[in-house]
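Numbering (this note's numbering), first residue to last: 111 to 352.
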C-alpha cells in the first residue's frame, strides 16, 4: 500500500462514521476515462508500460433510468480507433457492448468479435461498482472481470477487497475513498503460471459508483518458459475519470 500513488482529494479525508449509499445514477457529466500504467525497475526508475489508455465518451444519453453510452478508444497500435456502445443503469449494471468496425478494415472473425465485446464491457465494469451501501468498518468487493478477457486467470474473491477509509470530494463531487487489495493467479498458457498482487486506493463517486481516481501498486510474477526463472515485475497504475 505504501508504494501506491496517492489520490488527490479537494481537501482532507473525513473518517466514515455513518453508512453511505453509493450509486443510483448510471452516469454523470464525465467525458474522459484514462489509465496510466508504469513499470518500476529494481533501481527505482519508472518507465511507461504503454501509452495511457483513454476512452472518450462521445455520447451519453439517459432514457428511463438507463444511460446509453458511446465511447471511442482513440488510436490503437494500428493507428485506428474503435467506437463501441453499451449501457449502464441506475443499479450500476453494465449491459453488453457492441462495436463498429472502422471503415476500410475487414470484419474480425466471430471468436474475435466475442473477445472484443467482452474487453470493451470489462473496460467500463473495472472502473465502477454496482449500487451498494458502504458501512463503516465493513469491507466490500469491487468487481474486476479479468477472467472475461484473460482466460485462465482467476481473481480471488472476484475483485479488489476494499475497506472504506473516509469521505471527501474530487472536483466538487462527493467520494468514498477505500483501501483495496487484490490477488489473482492462473496460467496464461499451459505450463506458464502467473500471479498478480495489487494494493492501493480507490475514490468512488457517491452519485454513480464510478471510480473517479485510483492509485495502486502491483507485483506480477510470471514464468516466461517452462522451467525458466520466474520474471518479477513491479508497477503502479493511476486512473482519472473527468
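No residue lacks a Cβ here, since even glycine has one placed at the ideal position from N, Cα and C.
These numbers were taken from a predicted model, which means no experiment stands behind them.
Sort out for me which residues DSSP pairs residue i with in a bridge.
i: residue 303; result: 297
i: residue 346; result: 148, 327
i: residue 242; result: 132
i: residue 172; result: 177
i: residue 315; result: 285
i: residue 335; result: Looking at the DSSP assignment, residue 335 forms no beta bridge with any residue, so it has no partner.
i: residue 280; result: 283
Is the beta carbon of residue i less than 8 Å from the beta carbon of residue j?
i: residue 266; j: residue 288; result: no
i: residue 195; j: residue 167; result: no
i: residue 119; j: residue 278; result: yes
i: residue 329; j: residue 311; result: no
i: residue 152; j: residue 346; result: no
i: residue 239; j: residue 252; result: yes
i: residue 145; j: residue 163; result: yes
i: residue 285; j: residue 129; result: no
Round the Cβ separation of residue i and residue j to the nearest angstrom and send it over; I've been treating them as touching at under 8 Å.
i: residue 254; j: residue 306; result: Not a contact, Cβ separation roughly 10 Å.
i: residue 179; j: residue 198; result: 7 Å
i: residue 276; j: residue 125; result: 5 Å
i: residue 271; j: residue 290; result: 6 Å
i: residue 262; j: residue 214; result: Not confirmed; about 34 Å, so no contact.
i: residue 160; j: residue 171; result: Incorrect: roughly 31 Å between the Cβ atoms, too far for contact.
i: residue 191; j: residue 184; result: 5 Å
i: residue 281; j: residue 241; result: Residue 281 to residue 241, Cβ: 22 Å. No contact.
i: residue 348; j: residue 304; result: Actually they are not in contact, since the Cβ atoms of residue 348 and residue 304 sit about 23 Å apart, beyond 8 Å.
The stretch 120 to 140 contacting the stretch 310 to 323, beta-carbon criterion three pairs below 8 Å: yes
Using 8 Å as the threshold, is the stretch 215 to 229 in touch with the stretch 238 to 251, meaning 3 or more CB pairs across them? no
What beta strand (DSSP E) runs, 3 residues minimum, are completely inside the stretch 190 to 276? 193 to 199, 208 to 210, 242 to 244, 250 to 253, 263 to 265
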